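**Student:** Position one of the sequence shown corresponds to residue 1 (our numbering), numbered consecutively onward. Just so you know, even glycine gets a beta-carbon here, dropped at the ideal spot from N, CA and C. Owing to the predicted nature of the structure, the values given are computational and were not obtained by experimental measurement. Handing you a structure now.
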Amino acid sequence: MGKPKTQIVSDIDSKFITNGNIRAVDTNAVLKDILDCNELNTPTDLTQINNRLNGVEFINDEQNNRLTVLENAAGSTIQRIDFRSDVSLFDLSNNAKMMYSIRGIAGQFINVMLHIKILESNTNSYSFVHGEADLTQILKSIKRDLTPLEMDFLVKVKSEVEQSITGKRFKIANLIFNEFKGKFTIIIEPHDLQDVLQVGDIIFTTITLHTPTIDVVQINNKITKNTVKPL
Numbered sequence: 001m002g003k004p005k006t007q008i009v010s011d012i013d014s015k016f017i018t019n020g021n022i023r024a025v026d027t028n029a030v031l032k033d034i035l036d037c038n039e040l041n042t043p044t045d046l047t048q049i050n051n052r053l054n055g056v057e058f059i060n061d062e063q064n065n066r067l068t069v070l071e072n073a074a075g076s077t078i079q080r081i082d083f084r085s086d087v088s089l090f091d092l093s094n095n096a097k098m099m100y101s102i103r104g105i106a107g108q109f110i111n112v113m114l115h116i117k118i119l120e121s122n123t124n125s126y127s128f129v130h131g132e133a134d135l136t137q138i139l140k141s142i143k144r145d146l147t148p149l150e151m152d153f154l155v156k157v158k159s160e161v162e163q164s165i166t167g168k169r170f171k172i173a174n175l176i177f178n179e180f181k182g183k184f185t186i187i188i189e190p191h192d193l194q195d196v197l198q199v200g201d202i203i204f205t206t207i208t209l210h211t212p213t214i215d216v217v218q219i220n221n222k223i224t225k226n227t228v229k230p231l
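What follows is the structure, encoded as structure tokens:
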């Protein structure tokens, strides 16, 4: 004699949870209990169980879809982003060179790795042609126009020359990253006048971008009350 119907239903409700970690061993155990339970072997009860198991199959399909994204396998409905430079890109004015890697999910977020070496002192604005035809449109789905707002990233600047004047082991700068019509535009603003960029300075960092639509009018309205929206 197998488990009673109420226990089997309880097992299904507790183990087969939406977005949960459903194990094959649990599925097999429940199926065996169903076959061993006379109480469930009626057309009506079998229909209810089949409906529940169909729901489990749907959840498994969703989990498999997530895995195909991580593995970059064929059949995924989510577009993975993966761009990188195999050689250094040179600024249009030859003031810096850069290597990059961009990974993420289209319409969701990107993680950007940047390795920048300064080739000309007292410069702070650089343009790099990347040559990736699809990258501009993909980034538009993530980094939306935030004018007049700017997204800033504080970065560490390593120097090949010892900072004998300030005694600093490294400098700090504000980095602004943009992409437009096949070009990366990078602005690096020094923390203070003593932190101006010099030949040989290196920035090696990663930044993550996710910019939902923002109502600039509401942000600038001081009387707007805070509201919390459910996820």
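Comparing alpha-carbon positions, which option in 160, 204, 179 and 83 lies nearest residue 136?
**Tutor:** As a first step, residue 136 must be located in the sequence shown, where it is residue number 136. Among 160, 204, 179 and 83, the Cα nearest to that of residue 136 is on 179.
**Student:** Rounded to whole angstroms, what is the Cα-Cα separation between residue 8 and residue 24?
**Tutor:** Translated into positions along the sequence shown, residue 8 becomes position 8. Translated into positions along the sequence shown, residue 24 becomes position 24. C-alpha separation (whole angstroms): 16 Å.
**Student:** Need the endpoints of the beta strand (DSSP E) that residue 33 sits in, please.
**Tutor:** Here residue 33 refers to the residue found at position 33 of the sequence shown. From DSSP, residue 33 is part of no beta strand (DSSP E) but of the alpha helix (DSSP H) over 24-36.
**Student:** Which class does residue 119 belong to by DSSP, given the choice of helix, strand or coil?
**Tutor:** Along the sequence shown, read from residue 1 onward, the residue named residue 119 stands at position 119. In this structure, residue 119 counts as coil in the three-state DSSP scheme.
**Student:** Take residue 181 as the anchor and find which of 158, 192 and 132 has the nearest alpha-carbon.
**Tutor:** On the sequence shown, residue 181 is found 181 positions in, with the first residue counted as 1. Ranked by Cα distance from residue 181, the first of 158, 192 and 132 is 132.
**Student:** For residue 98, count neighbouring Cβ atoms within 10 angstroms of its own Cβ and tell me buried if that reaches 16, exposed if not.
**Tutor:** As a first step, residue 98 is located in the sequence shown; it is residue number 98 there, counting from the start. Buried, since its Cβ has 16 or more Cβ neighbours within 10 Å.
**Student:** Using CA atoms only, rank isn't needed, just tell me which of 102, 37, 4 and 140 is closest to residue 206.
**Tutor:** In the sequence shown, residue 206 corresponds to position 206, counting from 1. Nearest C-alpha to residue 206: 102.
**Student:** My understanding is that residue 202 touches residue 171, with C-beta atoms under 8 Å, so please give their C-beta distance in whole angstroms.
**Tutor:** Within the sequence shown, numbered from 1, the residue matching residue 202 stands at position 202. Within the sequence shown, numbered from 1, the residue matching residue 171 stands at position 171. Between residue 202 and residue 171, the beta carbon gap of about 11 Å keeps them out of contact (Cβ cut-off 8 Å).
**Student:** From the DSSP output, which residues share a beta bridge with residue 96?
**Tutor:** The sequence position of residue 96 within the sequence shown is 96, counting from 1. Beta-bridge pairing links residue 96 to 118.
**Student:** Ordered along the chain, which non-local residues of its own chain (more than five positions away) have a Cβ less than 7 Å from that of residue 81?
**Tutor:** Along the sequence shown, one-based indexing puts residue 81 at 81. Excluding sequence neighbours, residue 81 sits near 102, 103, 104, 105, 106, 110 and 138.
**Student:** Looking only at its own chain, which residues have a Cβ that is under 8 Å from the Cβ of residue 257, when we skip the five neighbours before and after it?
**Tutor:** No answer is possible for residue 257: it lies beyond the span of the chain, which begins at 1 and ends at 231.
**Student:** Since residue 95 and residue 119 are thought to touch, with beta carbons under 8 Å apart, how far apart are those beta carbons, to the nearest angstrom?
**Tutor:** Taking the sequence shown and counting its residues from 1, one reaches residue 95 at position 95. Taking the sequence shown and counting its residues from 1, one reaches residue 119 at position 119. The pair is a contact, with the Cβ atoms about 6 Å apart (cut-off 8 Å).
**Student:** Is it the case that the Cβ atoms of residue 129 and residue 154 are separated by a distance below 9 Å?
**Tutor:** Taking the sequence shown and counting its residues from 1, one reaches residue 129 at position 129. Taking the sequence shown and counting its residues from 1, one reaches residue 154 at position 154. No, the Cβ-Cβ distance between residue 129 and residue 154 is not below 9 Å.
**Student:** From what residue to what residue does the beta strand (DSSP E) around residue 155 run?
**Tutor:** For the purposes of this step, residue 155 is taken as residue 155 along the sequence shown, with counting starting at 1. Per DSSP, residue 155 belongs to the beta strand (DSSP E) from 153-157.
**Student:** Taking the continuous alpha helix (DSSP H) assigned at residue 196, which residues delimit it?
**Tutor:** On the sequence shown, residue 196 is found 196 positions in, with the first residue counted as 1. Unbroken run through residue 196: none, as it is neither H nor E.
**Student:** Cβ atoms of residue 117 and residue 200: under 9 Å apart, would you say?
**Tutor:** Along the sequence shown, read from residue 1 onward, the residue named residue 200 stands at position 200. Along the sequence shown, read from residue 1 onward, the residue named residue 117 stands at position 117. For residue 200 and residue 117, yes; Cβs fall inside 9 Å.
**Student:** Measure the alpha-carbon distance for residue 78 versus residue 142 and round it to whole angstroms.
**Tutor:** The residue you call residue 78 lines up with position 78 of the sequence shown. The residue you call residue 142 lines up with position 142 of the sequence shown. Distance between the alpha carbons of residue 78 and residue 142: 14 Å.
**Student:** With a threshold of 16 other CB atoms inside 10 Å of the CB of residue 134, please say whether the residue is buried or exposed.
**Tutor:** Counted from its first residue, the sequence shown places residue 134 at position 134. Its Cβ having fewer than 16 others within 10 Å, residue 134 is exposed.
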